[in-house]
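Trainee:
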Amino acid sequence: MKRVTRMDSRTAAGVTLIELLVTLSVLSVLLTIGVPSLVGFVSSQKLDSTVQLLKDSYSQARYEAVTRQRSVILCPLDIGRGGCGKSWSEGVLSYLDLDGDNRYDPLQDTRLRQNEFPDGVTVDYKKRLQIKISLKGTTGDNGTFTLKVSEEAKMLVVSAMGRIRNG
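Encoded structure:
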């Protein structure tokens, strides 16, 4: 005959079905609250990094114009062609306009900097496709960059004197 032994409740290990269900319920509530916050945080970081990239690109282009005493053009980047494009949302390209025709020619102009923006960020600049920075560091015209991710937006203002600031 077999002997039936009982486990001592003090040495038993494991979780009951009720404990497991309660734990899963609490975890699902925390994830439901936390994931949307994380998505918003990532979008906000994308927007902030794009603003900083654009400010850095503009500031360096202005510095190069003053230092080299030549006009520098900042234009929207066309990643596929490696030149100027039609949408500011892909990135920016700055170059020395050596031939003075206000158009990027890789054989005649000197590329200074190229920055690609993160996906999902929309960038617009007053419906213009370039900013010409004179050898004095001025642009001669005011303008506003509008950067958007989801419902969040930021603006960068470029003054005629060549300064850039948050708007």
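Per my numbering, the very first residue in the sequence shown carries number 382; after that it's consecutive. Glycine residues also receive a C-beta, built at the ideal position from the N, C-alpha and C atoms. Remember, it's a predicted structure, so these values are computed and weren't measured experimentally.
#1: Ignoring anything shorter than 3 residues, give me the beta strand (DSSP E) runs that lie fully in the region 437-515, in order along the chain.
#2: Alpha carbon to alpha carbon, what distance is there between V539 and T520?
#3: Could you check how far apart the C-beta atoms of A442 and L434 are, in whole angstroms? I think they sit under 8 Å.
#4: Considering just the uninterrupted stretch of the beta strand (DSSP E) at K529, what are its terminal residues?
#5: Answer yes or no: do P457 and G464 have a C-beta to C-beta separation smaller than 7 Å?
#6: May I ask you to report which of helix, strand or coil DSSP gives V396?
#7: Which of the three DSSP states, helix, strand or coil, is assigned to K517?
#8: Who does K535 pair with in a DSSP beta bridge?
#9: Could you say if the region 492-499 and the region 414-434 meet the contact criterion of at least three C-beta pairs nearer than 8 Å?
#10: Which residue or residues does DSSP assign as beta-bridge partners of R546?
#11: What does the Cβ neighbour count give for G481, buried or exposed, with the cut at 16 atoms within 10 Å?
#12: Short of 6 Å in beta carbon distance, which residues of its chain neighbour T503, apart from the five on each side in sequence? Order them along the chain.
Mentor: Straight from the coordinates:
#1: 453-459, 472-477, 491-497, 503-506, 512-514
#2: 8 Å
#3: Not quite, the Cβ-Cβ distance comes to about 12 Å (not below 8 Å), so this is no contact.
#4: 524-530
#5: Not closer than 7 Å, so no.
#6: coil
#7: K517 carries a coil assignment under DSSP once its states are collapsed to helix, strand and coil.
#8: L528
#9: yes
#10: V538
#11: exposed
#12: S470, K529
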